[in-house]
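Just so you know, we're using this note's numbering here: the sequence shown kicks off at 152 and counts up by one.
Take a look at the structure below.
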Amino acid sequence: MRIYLDNAATTALRPEVIETMTKVMQEQYGNPSSIHADGRAMRAIIEEARKKVAKLIGASIGEIFFTSGGTESNNMAIKCAVRDLGVRRIISSPTEHHCVGHSLESVERQGVVVKMLRVDERGRLDYEHLEELLQNDLSTKTLVSLMHANNEIGTVSDMARISQLCENYGALYHADTVQTMGHFPFDVSKTKIHFLSGGGHKFHGPKGEGFIYINNETQLKPFIDGGGQERNMRGGTENVYGIAGVACALELACEHMEDYRQHIEEVRSYFMEQLLENFEDIRFNGDYDGDYLYTILSVSFPQSAKSDLLLLLLDMAGISASGGSACSSGAEAGSHVLAAIGADPSRKTIRFSFSHFNTKAEVDMVVEKLKTIVEVRKMEAVA
Ligand SMILES: Cc1ncc(COP(=O)(O)O)c(C=O)c1O
152 MRIYLDNAAT
162 TALRPEVIET
172 MTKVMQEQYG
182 NPSSIHADGR
192 AMRAIIEEAR
202 KKVAKLIGAS
212 IGEIFFTSGG
222 TESNNMAIKC
232 AVRDLGVRRI
242 ISSPTEHHCV
252 GHSLESVERQ
262 GVVVKMLRVD
272 ERGRLDYEHL
282 EELLQNDLST
292 KTLVSLMHAN
302 NEIGTVSDMA
312 RISQLCENYG
322 ALYHADTVQT
332 MGHFPFDVSK
342 TKIHFLSGGG
352 HKFHGPKGEG
362 FIYINNETQL
372 KPFIDGGGQE
382 RNMRGGTENV
392 YGIAGVACAL
402 ELACEHMEDY
412 RQHIEEVRSY
422 FMEQLLENFE
432 DIRFNGDYDG
442 DYLYTILSVS
452 FPQSAKSDLL
462 LLLLDMAGIS
472 ASGGSACSSG
482 AEAGSHVLAA
492 IGADPSRKTI
502 RFSFSHFNTK
512 AEVDMVVEKL
522 KTIVEVRKME
532 AVA
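What follows is the structure in structure tokens.
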């Protein structure tokens, strides 16, 4: 049995989600745009899902648009804000996901000014810098695009503070909440956000399906031209089973959020303790004991003979995790996040990420395996 500790990459589908999706696949096949009964039945599934998602994040039904996931939602927020809302300046950070970073490069080529916030060695944003940038140019329509939690190191941003600053200086706010949706509570009726994104596969829903919340004061033109689906924002026949699966997964994630959080926190702290107890010079990346995403633990191992092969050796030992290094040589691409926080390129970073399916017994097994791979062990642990 393999041990899966790569839940920030994707999560296992919950049985209830499989059941919900299978039921749609087996029982319904109409096109939701058809006006006959088969079409209407499919339309009803989509609208029921929209209602659920909207309620879970404090939005109104008309503010939820289903997309193919986090990447599309983030592309849509940034590119439509530039095209349709007159945004000519975007404030972001160097630790954003590539789908945001590359979207920024794309609008930059169209003349949009992109300003990057300073981040510290834990990946924490410099909010004073944000205020300074907002204050310095009040005449240019500005979008602030900042992720809620970093997918590599788990550092969490203060959404309430960013929202307030955006409000004070008349900027739009896009939050990439792909890693935190279903793991943290959201209420867009209390915290003003213009765009927020979610991808089903990060909270035990299906891959390739997600949504974007677009505040109803924000009017955009279609992102994908077509038959006018998703209230004309995204043409193309909807992935109805995916949509039903996303709503089911989010509902269950929100319902069990506190229990799961407690369990995952326990597994994560136990892992940290075991690593510190058994190995020399273990460090953690990100704001690991401050404002952190509890599903992520980014571990920095000291250089050793086998450290470059750590991820591969873990994989061969039946453990799935993710890599990441500050340099860009070798087979693994360098991590722009580790580079941005100034991580030591000679050390080896492994991101372990958890779900409620993980256990302390699995942590014990991973630590045992690591003992056979990582040479820099504590003397008492070797004995
Ligand atoms: C922070 C963040 N944003 C966006 C994405 C992209 O989401 P998706 O895989 O649903 O396209 C990811 C996926 O890893 C992510 O971690």
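For glycine and all other residues, C-beta sits at the position ideal for the given N, C-alpha and C.
Small disclaimer: the values here were computed from a predicted structure and weren't measured.
Tell me the residue span of the alpha helix (DSSP H) that contains residue i.
i           : result
residue 293 : Residue 293 -> not in any alpha helix (DSSP H); beta strand (DSSP E) instead, spanning 293-298.
residue 97  : Nothing can be reported for residue 97, as the shown portion of the chain is limited to 152 through 534.
residue 312 : 310-319
residue 466 : 461-467
residue 488 : 487-491
With the cut-off set at 8 Å, would you say residue i and residue j are in Cβ contact?
i           : j           : result
residue 393 : residue 168 : no
residue 201 : residue 212 : yes
residue 400 : residue 165 : yes
residue 391 : residue 426 : no
residue 216 : residue 381 : yes
residue 241 : residue 263 : yes
residue 254 : residue 292 : no
residue 158 : residue 504 : yes
residue 314 : residue 343 : yes
residue 447 : residue 273 : no
residue 385 : residue 218 : yes
residue 445 : residue 514 : no
residue 224 : residue 363 : yes
residue 249 : residue 296 : no
residue 542 : residue 418 : Any answer about residue 542 is impossible in this case: the structure gives the chain only from 152 up to 534.
residue 275 : residue 438 : yes
residue 301 : residue 222 : no
Identify whether residue i lies in helix, strand or coil by the three-state DSSP scheme.
i           : result
residue 509 : coil
residue 230 : helix
residue 372 : coil
residue 523 : helix
residue 153 : coil
residue 479 : Residue confidence is low: residue 479 scores 45 on pLDDT, short of 50, so the model does not pin down where it sits. Its coordinate-derived value is still stated next. Coil, per DSSP.
residue 448 : strand
residue 180 : coil
residue 221 : helix
residue 165 : coil
residue 443 : strand
residue 276 : strand
residue 504 : strand
residue 473 : strand
Hey, quick one: how far does the beta strand (DSSP E) through residue i stretch, first residue to last?
i           : result
residue 240 : 240-243
residue 267 : 264-267
residue 325 : 323-327
residue 254 : Residue 254 -> not in any beta strand (DSSP E); alpha helix (DSSP H) instead, spanning 249-259.
Give the C-beta separation of residue i and residue j to the nearest angstrom, bearing in mind that I take them to be a contact with Cβ-Cβ under 8 Å.
i           : j           : result
residue 430 : residue 498 : That pair is no contact at about 12 Å.
residue 468 : residue 502 : No, residue 468 and residue 502 are not in contact; Cβ-Cβ is about 17 Å, not under 8 Å.
residue 366 : residue 345 : 5 Å
residue 306 : residue 443 : 7 Å
residue 220 : residue 361 : 4 Å
residue 398 : residue 203 : 4 Å
residue 161 : residue 358 : 6 Å
Taking only runs of the beta strand (DSSP E) that begin and end inside the region 336-419, which ones reach a length of at least 3 residues, in chain order? As far as the region 336-419 is concerned, its whole beta strand (DSSP E) runs of at least 3 residues are 346-350 and 361-365.
Unbroken stretches of the alpha helix (DSSP H), 4 residues or longer, contained in the region 168-219 = 188-207
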